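Chemist:
Numbering (the numbering used here), first residue to last: 13 to 949.
#1: Please report the residue range of the alpha helix (DSSP H) in which residue 257 lies.
#2: Under 9 angstroms, do residue 433 and residue 376 count as touching if we go by C-beta distance?
#3: Straight-line CA distance for residue 640 to residue 508?
#4: Whole angstroms is fine: what's the gap from residue 342's alpha carbon to residue 289's?
#5: Report the option in 67, 712, 166 and 242 whose CA atom is closest to the CA atom of residue 154.
#6: Using CA atoms only, rank isn't needed, just tell me which of 382, 673 and 47 is closest to residue 962.
#7: Tell me where the alpha helix (DSSP H) around residue 299 begins and ends.
#8: Could you spell out the range, first to last residue, of the alpha helix (DSSP H) harbouring residue 107?
#9: Start and end of the beta strand (DSSP E) containing residue 431?
#10: Whole angstroms is fine: what's the gap from residue 399's alpha carbon to residue 406's?
#11: Whole angstroms are fine: how far does the CA of residue 135 sit from the CA of residue 195?
#12: Which same chain residues, not among the five before or five after residue 104, have their C-beta less than 7 angstroms away from its C-beta?
#13: Rounded to whole angstroms, what is the Cα-Cα separation between residue 236 and residue 224?
#14: Check whether the Cβ atoms of residue 326 and residue 306 lie closer than 9 angstroms to each other.
#15: What runs of the beta strand (DSSP E), each 3 residues or longer, lie entirely inside the region 49–89?
#16: Bridge partners for residue 306 per DSSP, in chain order?
#17: Measure the alpha-carbon distance for residue 191 versus residue 285 and round it to whole angstroms.
#18: Under three-state DSSP, which class holds residue 350?
#19: Anyone know if the C-beta pair for residue 380 and residue 396 falls short of 9 angstroms?
#20: Taking the Cβ atom as the reference point for each residue, do residue 463 and residue 491 lie within a distance shorter than 9 angstroms?
#21: For residue 544, report the span of its beta strand (DSSP E) as first-last.
#22: Measure the C-alpha to C-alpha separation of residue 469 and residue 612 and round it to an integer number of angstroms.
#23: For residue 603, does the count of other Cβ atoms within 10 angstroms reach 16, so buried, or fall short, so exposed?
#24: Look at the alpha carbon of residue 338 and the alpha carbon of residue 182, and state the distance between them as a whole number of angstroms.
#25: Are the beta-carbon atoms of residue 496 and residue 457 separated by less than 9 angstroms?
#26: Could you have a look at residue 721 and say whether DSSP puts it in helix, strand or coil?
#27: Report the CB separation of residue 528 from residue 591 in whole angstroms; it is logged as a contact under 8 angstroms.
#28: For residue 389, name the three-state secondary structure that DSSP assigns.
#29: Smallest Cα separation from residue 669: which of 89, 719, 627 and 620?
#30: According to the neighbour-count rule (16 or more other Cβ atoms, all chains shown, within 10 Å of its Cβ), is residue 728 buried or exposed?
#31: Is the beta carbon of residue 624 closer than 9 angstroms to that of residue 656?
#32: Just mark residue 75 as buried or exposed, buried being the case when its beta carbon has 16 or more other beta carbons within 10 Å.
#33: Answer yes or no: do residue 149 and residue 244 have a C-beta to C-beta separation smaller than 9 angstroms?
#34: Relative to the C-alpha of residue 503, which residue among 486, 200, 493 and 730 is closest?
#35: Can you grab the Cα-Cα spacing for the pair residue 332 / residue 254, in whole Å?
#36: Among the residues of its own chain, which have a CB less than 6 angstroms from the CB of residue 593, if the five just before and after it don't count?
Dropping the structure here:
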């Protein structure tokens with residue numbers, strides 16, 4: 013009873029010690045388990061969660077996982093049970109070939125606690141390998157002269173198992189001439205030897221077949237066999253002898269392939285064929301045969317592939333020297349591999365943080381690192397370090413684990429991201445290094461407003477753009493991070509031409525792209541001023557503004573508009589021009605007046621003669637639009653001519669318009685009427701009688717006569733009105749003395765002196781011989797020449813009063829134009845231009861071309877109204893000078909002064925210079941004198 017109590021007490025004490033030992037190991041972070049090899053995947057190894065006191069929810073929430081230092085992961089942690097299980101089938105013979113006790117190590121990392129626990133698992137051996145011979149058949153050559161008792165080494169079996177599961181004994185069967193002897197080697201291994209028990213007789217038996225069996229101590233036991241064939245030879249009484257029984261070699265692991273590690277030598281006292289020695293290597297494994305090679309003639313042991321100290325640091329080979337008679341000797345070659353620093357430290361990041369707030373306290377753990385080096389000794393000693401001048405430091409955690417912690421407070425405004433480089437260097441010579449980079453982002457608050465990349469933005473957009481066209485993209489950046497740096501854009505409120513600004517443009521909230529919502533017209537809107545606001549996504553949000561200026565660029569979207577001749581004539585004979593047959597080359601016949609609503613180069617107009625009844629008779633000024641005679645008319649030339657003038661602007665592509673002129677070559681009214689009557693007769697229907705044409709001619713003559721009488725009455729009334737006005741006019745009106753009031757026309761408050769195109773006409777009293785006479789000066793010149801300073805300029809149609817008016821001996825000269833913006837001859841813009849003489853390809857030199865054109869038409873209308881025009885535009889003249897008639901007033905001519913473009917400048921001309929010139933305007937004596945015939949009359 014007492015003995016049973018004592019045994020139970022001993023069991024309790026043993027169990028208590030085992031529990032205390034497990035608790036002590038768990039407390040110090042070390043767990044040990046044992047599992048047999050060849051267990052299937054997922055087999056139970058140990059209850060890690062229970063041994064470490066971890067709850068199952070903690071395993072899932074705190075990121076508990078297993079890490080191993082090798083390339084293959086043999087263990088895993090079951091997340092639902094907390095058990096340590098096998099992740100792969102484990103072969104003890106493959107992992108621990110030369111190790112008696114096979115132990116695998118791994119680490120359990122709890123990321124939430126930043127804790128590491130070491131785990132050791134011992135792999136126990138099972139009898140899963142049978143003894144095997146390298147060669148299934150071996151041949152021995154034995155001379156018949158050998159005396160009984162001589163021993164011959166036999167092939168040895170190999171069993172990778174350990175302990176009792178490894179090789180235990182040998183058996184030999186097959187012949188009475190031989191017996192088996194097993195010798196113990198220096199390392200305790202068994203070496204089978206064949207003992208000659210009975211003398212051989214080659215004549216009796218030349219061959220002997222034996223079976224060698226090897227058995228292990230497993231339960232059940234496993235066996236392996238090899239067949240031994242003994243060939244009986246003739247007498248050879250001397251066997252080869254090695255110079256030493258064991259060769260020892262030390263080589264570094266980086267020895268080159270092909271190097272000779274050692275050369276073995278053996279001697280044989282026999283002569284002839286029996287004295288020739290050959291060498292061979294008794295291969296124990298496939299791996300050794302792949303690494304080493306023995307030269308059969310020289311005995312040199314050569315290296316076939318690179319050695320690796322980490323894979324195997326020692327090799328034992330058995331070499332044999334034999335002669336031709338079958339006698340041999342064996343020796344041992346021990347090769348020791350020394351370590352070389354050929355492995356850099358391996359730095360592994362086990363756990364890390366990607367983001368950290370800038371107000372984190374010093375000592376906050378940022379990352380957990382593991383360092384190992386496969387080399388040995390000093391070559392495997394690793395030192396870790398961090399870069400300087402960074403707010404982090406390294407701390408030793410457990411075994412080969414390090415922690416990276418903050419050394420001081422962080423400031424995101426100075427550094428928003430850190431790339432912490434951890435370096436590991438071993439103690440070899442030279443030292444090998446490796447590094448790992450930890451990318452860490454510092455979180456921030458919303459303390460920075462968006463900042464635009466430019467102080468102000470400007471863009472140019474061509475008119476007639478498509479709705480939704482991209483204008484430009486504004487860009488703002490925010491120094492903050494995350495949602496605080498997300499910038500959105502919007503337009504500030506505003507109105508353009510009474511409409512909301514948002515109906516013209518819009519901004520994309522995410523990208524800042526500014527789009528035009530409608531098609532813009534340069535003639536209506538020149539530029540847009542708007543404000544874009546950038547706002548971040550913080551709470552509260554911060555914002556900033558930037559101004560944007562959008563300039564509308566003109567395009568050639570308006571074709572030239574012909575003012576004269578009109579497209580649809582109101583009168584029957586409107587658009588008919590009269591030219592005398594005695595005209596000289598260069599005589600002015602007509603003038604095509606056109607304007608363009610565009611600006612700049614798009615409004616520059618050029619003229620060309622597109623079609624003519626008589627080619628070569630007329631020409632058109634390319635810049636003025638003046639139709640002149642290219643040569644003197646000949647008698648054979650037709651009386652009626654139709655001219656088509658093409659007006660083209662300088663846009664890209666160019667737009668054009670056409671004007672049709674009818675020119676009649678005639679010397680008298682009768683000839684003109686006859687020509688027009690013939691034209692009407694030709695235009696009439698073929699079946700109309702000639703009496704109808706005569707009736708229309710009589711009506712036309714009567715109408716002309718009535719109009720002529722009315723014209724004379726109107727002229728008389730105007731003369732009386734002028735005489736009355738001169739009596740009321742103050743005698744000392746210095747600047748306007750000698751110049752009729754009708755020659756001054758006000759345009760925007762500017763008194764501009766005009767010189768207009770005019771024809772001098774005189775009609776004889778005889779209606780049957782009425783002739784239309786033209787002065788040569790008015791036919792050949794566009795503008796009259798300035799009279800000499802000492803001769804007063806007579807008024808048009810007033811030859812009597814011209815000499816009576818007091819002359820100003822020194823009239824004030826006309827003010828010169830401002831030269832600050834004067835065009836060169838090749839750059840003068842304008843709608844039609846007006847210049848004297850022949851055209852030389854230059855633009856008009858008048859800086860107020862458009863104003864002059866408008867004033868010229870109005871002046872001609874005023875002269876016709878006053879009765880002073882020698883060729884009026886009324887019905888009495890049958891519309892021969894309709895371009896100067898009263899129907900062309902300023903309301904028919906748009907104001908295109910703003911379209912004058914100065915090349916090389918963005919400025920648009922105004923009438924400021926005109927106002928300056930109006931202050932100093934003086935009569936220039938631009939009226940033509942009447943013809944000599946009229947003066948005589």
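Backbone N, C-alpha and C define an ideal beta-carbon position, used for all residues, glycine too.
Predicted model, so just to flag it, every value in this text is computed and none were measured.
Modeler: With the structure as the only source:
#1: First-last for residue 257: undefined, no H or E at that position.
#2: Contact flag unset, no.
#3: When rounded, the distance between both Cα atoms is 49 angstroms.
#4: Rounded to the nearest whole angstrom, the CA to CA distance from residue 342 to residue 289 is 12 angstroms.
#5: Per the Cα distances, 242.
#6: Missing from the structure shown is residue 962; the chain here goes from 13 to 949 and no further.
#7: Counting along the chain, the alpha helix (DSSP H) containing residue 299 begins and ends at 298–303.
#8: Per DSSP, residue 107 belongs to the alpha helix (DSSP H) from 104–107.
#9: In the DSSP annotation of this structure, the continuous segment of the beta strand (DSSP E) that includes residue 431 starts and ends at 429–438.
#10: Residue 399 and residue 406: Cα-Cα distance of roughly 11 angstroms.
#11: For residue 195 and residue 135, the distance between alpha carbons rounds to 31 angstroms.
#12: These residues qualify, in order along the chain: 49, 114, 135 and 137.
#13: Each residue's alpha carbon lies about 8 angstroms from the other.
#14: The criterion of a C-beta distance shorter than 9 angstroms is not satisfied by residue 326 and residue 306.
#15: As far as the region 49–89 is concerned, its whole beta strand (DSSP E) runs of at least 3 residues are 56–59, 76–80 and 87–89.
#16: Its beta-bridge partners are 313.
#17: Roughly 30 angstroms between the two C-alpha positions.
#18: Looking at residue 350 - three-state DSSP - the assignment turns out to be strand.
#19: The answer is no: Cβ separation not under 9 angstroms.
#20: Yes. Within cutoff.
#21: Unbroken beta strand (DSSP E) run through residue 544: 539–547.
#22: Those two C-alpha atoms are separated by around 25 angstroms.
#23: It counts as buried.
#24: Approximately 24 angstroms, taken between the alpha carbons.
#25: Annotated as proximal: residue 496 and residue 457, with beta-carbon spacing under 9 angstroms.
#26: In the structure shown, residue 721 sits in a helix (DSSP, three-state: H, G or I).
#27: Contact doesn't hold; Cβ gap of about 53 angstroms is too wide.
#28: Three-state result, residue 389: helix.
#29: The option with the nearest alpha carbon to residue 669 is 620.
#30: Exposed, since its Cβ has fewer than 16 Cβ neighbours within 10 Å.
#31: Yes, these two residues count as a Cβ contact at 9 angstroms.
#32: Around the beta carbon of residue 75, fewer than 16 other beta carbons sit within 10 angstroms, so the residue counts as exposed.
#33: The Cβ atoms of residue 149 and residue 244 lie no closer than 9 angstroms to each other.
#34: From the listed residues 486, 200, 493 and 730, the smallest Cα separation to residue 503 is found for 486.
#35: Approximately 9 angstroms between the Cα atoms of the pair.
#36: Taking residue 593 as the centre and dropping the five residues before and after it, the same chain places the C-beta of 645, 677 and 679 closer than 6 angstroms to its C-beta, in chain order.
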